[in-house]
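Take 604 as the starting number for the sequence shown in my numbering and just add one per residue. The C-beta atom is built at its ideal place from N, Cα and C for all residues, glycine as well. Owing to the predicted nature of the structure, the values given are computational and were not obtained by experimental measurement.
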Amino acid sequence: MIPKFLKKRIFKAPVATDGTAKTDGVATYSTAETDGNAIATKPYSNAPINQLYRKLSGQMLDIAVKPKLLGELPEFDNDDQTLRFYVLQDYSRSNSILIDLQTQEHNLPPALVGVNDAAHNIKENAAIIFLNHPSAKDSQLSPRLSRLVSAILQYPELKVRLVPVSILWGRAPEKEDSLFKLLTADNWQDPSITKQLFNIGVMGRDTFVQFHPPQDLRTIINDNLKGDVEGPATFDSVATDALKADLTATDSLDIESTATNNDTAADAEQTPSYALVASADSNRELVRMLQQQLSLYLDKQRASMLGPDLSDRRNLVDKLVYSPAIKHAIEMEAAEKGTSVREARSQARGYANEMVNDYSHSIIRGFYKFLTWLWTQLYDGVEVHHFERVRDLATDYELIYVPCHRSHVDYLLLSYVIYKRGLSIPYVAAGDNLDVPVLGPLLRGAVAFYIRRSFRGNALYTAVLREYMHTLITRNTPIEYFIEGGRSRSGRLLPPKMGMLAMTVHSQLRQTNKPVVFIPTYIGYERIMEGGTYVGELKGKPKESESLIGLLKVGRKIERIFGNVHLSFGTPLHLSDFRTKFDVPANSLPSDRTDSPLDEKTSAMVDNIGVKVMQHINKAAVVTPVSLLSLVLLSAPKAALDENICREQIALYQGLAQQLVYSEDTVITDMTPQQIIDYGIKLKLIERTPHILGDIIQVAGKQAALLSYFRNNILHVFILLSFLSALVARNGRIKRSRLDSIAEQLYPFLQSELFLYYPAHGLADTLNKKVDNLLSHGLIVDLGDDTLSVPESNSKHYQQLQVLATPVGQSLERYFMTLALLAQQGSGNLTENEVVDLCHLLGQRLSVLYADDIPDFFDRALFTSFISALTRLDYLQKDDETGILTFDHRINDIAHHAKYVLTPDMMQILQQVASLDEEEITHAITEISNKKQRKFGRKR
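Below is the structure:
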């Protein structure tokens, strides 16, 4: 902030005494101020030799350098009175010419063209400001920025906008060891002339340019003078406020003469173009503050793109092992196990070597080029949604990406998208099952740090992992981990695993650096490489271990058609908001310990964060053509519909989703129903069967199980509409009060299974909106007197209602079957694991005998989720020692509501399937136990 006594001392600068002057043979001119004083300026020399030099330099650079544009282009107001300047951090001829070429290519205001504003006595030879220029005087202040600040202070109507620009010659974050890499890779050292020449020759094809949002110079100055800016760290917020106000003031940036001979360039920048350069301390202090803010802003942008400086892997392992926290853990391990400290330290070092990433920019660049080719072979396109919210946070927050986990491709795809859009690549927590020959070292050199799938009870390993996470977080390294813990085999989100989340919170409470923000990320495919494997595993086949042979098998699928893939970045979740909500103070854990336990409030906070992350992932879902087709066709009898009816049903679902959006983050395909059908046929997921009475659209052979995966990706978007439709369709007529009562009773279980974000306390309002949506589409009828009814039985709307009512059926059938099993066996007779295992077996049997053998119906995770919800809501009580479940009559009360949704035939079937005598129960549990032991034996 500028001291108050200096603010009062801002005054007009001294002026030249005569109207014209000549300096070293270069012509100058003068203009009159309102008070009659003349202001002298020294323009850039327009000698033909300089023009020729600039032209030839530009042509040569254009041949050698092919920059990649990052982010969005700046948007300017259509105001001819606004002056615009580009701001670069360090003086460089190549940078200035490169920016000039980029402004020409993208139709932006030119950079190497003079800026003349006679009304305000401004005549600059270029529209670039260099914050650090070799010819800068007056405590290294930028002369051009100083002149613009003085002009802003003197002329209230003057509008100047600054456009900060980042240029990266390569994107290696670490300090490389070799002289060649030091000469070429862009890191945190300012480039010398020699390095710039190497950059052009060697890194010219790996150059990146990003134009940042324009900033209003007058607004920034006023904020400083008013004391609203508490130092350079606030420049981002100042910039944002300026943009939000839609000020027409201009953007200014600083360029020294760049495309001409060095002496002329330096002299032109050193000599002010008029006598507005302030001599007062107040003006110098103001310019120094603005320059510091701009410089810090560009530093932060650079850090978000390059990431922090990195130590080599060996040094990082040493720092981990000899850190105070790990020293304590080693001593505790030695005392507990009766070994020497040296042996415990050696073990800790081994753990660190297992997990620590070995980042290599060469591998990153290789992966980038390979994946650019691969995605064009696999996918029609990679669609990215809401990435701008990530970019806005990257400079000031520690980013923790928490995506859903659909496929092994997720690791590479998300990192590729982040890198391609100009942000630092995150370190990805990967299971050590991926640390296989060839692939493992490549992933470790690119994005992965490996952790064991299970390390419960291993205190030393836990300590090393926590300290490594803490090191990454305090160094502001972006991190990515899959909160589900493993890939979803059914297409639904899995219950969150809290381990990595707790470690993140633990680190932040040990030491606060940048605030942590979680980025929930939805990943959606239209075909998936592991689809066949997932179906087999759901049906009971053992999971295949990752290997090089498995990788080669996947490679054979490259020629297949996989459609589009979608990445959608959900609303960020700030850890500070959760700390406030749960009253968890910052820095509440010792900084030199990893074994400090989280108290009850903090543990509850971690659980809440986990649930909110899952809900926000679902809110960012993309309703793709394939998922919409899957939802429609799998709800139809025999997974087939007349093509006209299929089009109408797709249009209906689109209309329902668009009229009452699930969330502002949810993206819905804009394809027409016919385009969606044709697209599904192209992907060979559905087929058209010609018929004289009208073509039939049906699921292609053996694709139903796979399509259920994509249906489940978006099931949460339509589940309440389906539930309400089922209540009306199964009863013909129903009171709205009865509908609300049943929905409120069963909603917590649907919410737990599908991570619905609607709060239970406001459910009535949500249900009313859903009912109104159904009414507006004619799917149900309001008879008055608080009564809802189905449409006419032979109408199109009636058939559409029946199809819409189908998706919720499987969830309710699972619930009723589980409740029937519990009621039949009685309280206090089964453990939680036994109930889940038996329900899994019953689901398999039911699917084969009565359903379409779609394996996600008997997914073990869904039964686990339901039992957990019953326990959380206190319908079930679990003995801590034996695991035995007990319950009372309320279990039957829940099951009683099933008759309002399920048909009598289905309820009878479920009752029959769940009826097991004691001998069958004993036999089933024994077989399941034996199978688990064999599976465990194979893993060992």
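- Every unbroken stretch of the beta strand (DSSP E) spanning 3 or more residues and falling wholly within the segment 988–1012 is given here in chain order: 1001–1006.
- In terms of CA proximity to residue 666, 697 leads the group 697, 678, 676.
- For residue 981, the three-state secondary structure derived from DSSP is helix.
- The beta carbon of residue 1414 is closer than 7 angstroms to those of 1353, 1356 in its chain, skipping five residues each way along the sequence.
- Contact check for residue 1120 against residue 996 passes: the beta carbons are separated by less than 7 angstroms.
- Burial is judged here by how many other beta carbons sit within 10 angstroms of a residue's own beta carbon; residue 1338 has fewer than 16 and is exposed.
- Exclusion of the five residues before and after residue 954 leaves 1063, 1064, 1067, 1068 as the residues of its chain whose Cβ lies within less than 8 angstroms of its Cβ.
- Look at the beta carbons and you see the segment 684–700 touching the segment 760–774: at least three pairs across the two are nearer than 8 angstroms.
- By a beta-carbon distance limit of 8 angstroms, residue 957 does not contact residue 1022. Their separation comes to about 25 angstroms.
- DSSP places residue 1480 inside the beta strand (DSSP E), whose first and last residues are 1479–1481.
- Restricting attention to alpha helix (DSSP H) runs no shorter than 4 residues, the segment 1430–1474 encloses them at 1435–1453, ordered along the chain.
- Using a 10 angstroms sphere on the CB of residue 1285, the tally of other CB atoms stays under 16, which defines it as exposed.
- In this structure, the straight-line span from the alpha carbon of residue 1346 to that of residue 1389 is close to 16 angstroms.
- If you keep only unbroken alpha helix (DSSP H) runs of at least 4 residues inside the segment 1037–1100, you get 1042–1049, 1062–1077.
- The beta carbon of residue 1112 lies closer than 6 angstroms to those of 1191, 1192 in the same chain, with the five residues before and after it left out.
- The straight-line gap separating the alpha-carbon atoms of residue 1490 and residue 1481 is approximately 9 angstroms.
- Counted as a single uninterrupted DSSP element, the alpha helix (DSSP H) harbouring residue 1211 occupies residues 1203–1222.
- Taking a cut-off of 8 angstroms on C-beta distances, the segment 1446–1453 does not touch the segment 1473–1488, as fewer than three cross pairs fall below it.
- Around the beta-carbon of residue 1515, fewer than 16 other beta-carbon atoms lie within 10 Å, marking it exposed.
- Contact between the segment 1213–1232 and the segment 1312–1322 is present, with at least three C-beta pairs closer than 8 angstroms.
- A straight line joining the alpha-carbon of residue 1423 with that of residue 1431 spans about 15 angstroms.
- Residue environment: residue 1451 is assigned as exposed (fewer than 16 neighbouring CB atoms within 10 Å of its CB, all protein chains considered).
- DSSP places residue 926 in the coil class of the three-state scheme, outside both helix and strand.
- When secondary structure is reduced to three states using DSSP, residue 1196 falls in the coil class, being assigned neither helix nor strand.
- Straight-line measurement puts the Cα of residue 1469 at about 7 angstroms from the Cα of residue 1418.
- CA-to-CA, the gap between residue 938 and residue 924 works out to about 17 angstroms.
- Put simply, of 820, 960, 1249 the residue whose alpha carbon is nearest the alpha carbon of residue 1279 is 1249.
- Below 8 angstroms, too few C-beta pairs join the segment 1284–1298 and the segment 1010–1024 to call them touching: fewer than three.
- The residue from 691, 706, 690 with its alpha-carbon nearest to that of residue 676 is 706.
- DSSP, reduced to helix, strand and coil, places residue 1397 outside both helices and strands of the structure shown, so it counts as coil.
- Beta-bridge analysis with DSSP links residue 1169 to 986, 1127.
- Apart from the 5 residues on each side of it in sequence, residue 979 has no Cβ closer than 6 angstroms to any other Cβ in its chain.
- Selection 827, 1435, 930 evaluated against residue 889 yields 827 as nearest (Cα-Cα).
- Where residue 1385 is concerned, the enclosing beta strand (DSSP E) starts and stops at 1384–1387.
- When the alpha-carbon of residue 1215 is set against those of 1104, 940, 1057, the nearest one is in 1104.
- The criterion of a C-beta distance shorter than 7 angstroms is satisfied by residue 985 and residue 1168.
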